[in-house]
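Residue numbering for the sequence shown follows UniProt numbering, beginning at 1 and increasing consecutively. All C-beta atoms, glycine included, are put in the ideal place defined by N, C-alpha and C.
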Amino acid sequence: MPAYFKPQGSIRKAPHSPSRDRTRQRIKFSDERVCKSHLLNCCPHDILSGTRMDLGECLKVHDLALRADYEIASKQQDFFFELDAMDHLKSFIADCDRRTDIAKKRLADTQEEISAEVAAKAERVHELNEEIGKLLAKAEQLGAEGNVEESQKVMDEVEKTRICKREAEEIYRSSMPASSFQQQKLRVCEVCSAYLGLHDNDRRLADHFGGKLHLGFIEIREKLDELKVYIFSFFYCTEMLCIVT
């Protein structure tokens, strides 16, 4: 288990001890005890704080003053903390993806065998359901930013998608027995591993896709992709320079 994570069950944030505060005063941002993901503003412990997947306090040191020191120093020198942060996020996302796979298997084990055709129809309802949730979250964000006209355009898309969803649900219901229909109600979010219901209302879906947990996982995944690109580009350019010289 990476040093960043506490054993499972340690959910609440532990209070800072005087000895730990003294340690923070003595160390520099380059110290191995400092969380490099925190310095790069991408530690899952920070991003998911206050969500139902709150990880508690990171076992490595988080300090905004150290981050400020790093940001100043990094303009003059490369410290390659991106490598540490990438390894940290890769481990975290791999664990999340494992949970998603386990949740999917658990659902599959409890659901009845249905034909591929019926499964495809259920999948279509799920897709339209998720699309409505994402569009509503987008419309609310645009409205909050004052883009009323754009928000209304998105709401028009929502209404069209709702019509498509109702049609897809009717096709789905008519293609399978009621008992099987009741067992195909859940799916697992590919981003944050939360359960989504086939019949979740629009408000619940918008809360999910616009919520801190889901958006936090998007932020973590996007940051991991950025780090991979940065590290690949850096070492590729370095290798090419060595070849040229």
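Between which two residues does the beta strand (DSSP E) holding L196 run? Y195 to G197
Buried or exposed for S37, going by 16 or more other Cβ atoms inside 10 Å? So S37 ends up on the buried side.
May I ask you to verify whether the segment 48-57 touches the segment 72-85, counting CB pairs closer than 8 Å and requiring at least 3? no
E130 Cβ short of 7 Å to the ligand ADP heavy atom set: This structure simply doesn't include the ligand ADP, nor any ligand for that matter.
Classify S179 as buried or exposed, calling it buried when 16 or more other Cβ atoms lie within 10 Å of its own Cβ. Residue placement at S179 is poorly supported in this model, since its pLDDT is 46, which falls under 50; the coordinates still yield a value, given next. Classification of S179: exposed, given that the 10 Å Cβ count is below 16.
Do we get a CB-CB distance below 8 Å when we pair L128 with the residues of chain B? Judged by its chain identifiers, the structure shown contains no chain B, having just a single protein chain.
Extent of the continuous alpha helix (DSSP H) run through L39: For L39, the enclosing alpha helix (DSSP H) stretches over residues K36 to L39.
Name the DSSP bridge partner or partners of R187? L196
Report the partner residues of V61 according to the DSSP bridge assignment. V34
Using 8 Å as the Cβ pair cut-off and three pairs as the minimum, do the segment 121-134 and the segment 161-170 touch? Yes: the two stretches touch, three or more of their Cβ pairs being nearer than 8 Å.
Report the three-state DSSP secondary structure of R106 (helix, strand or coil). helix
Using the Cβ count rule (16 or more neighbours within 10 Å means buried), how would you classify R173? exposed
Where I72 falls, given that 16 or more other Cβ within 10 Å makes a residue buried: exposed
Check whether the Cβ atoms of C42 and C58 lie closer than 8 Å to each other. no
From this set, R187, I231 and E157, which residue's C-alpha is nearest K105's C-alpha? R187
Is it true that the CB of L198 sits closer than 8 Å to the CB of H208? no
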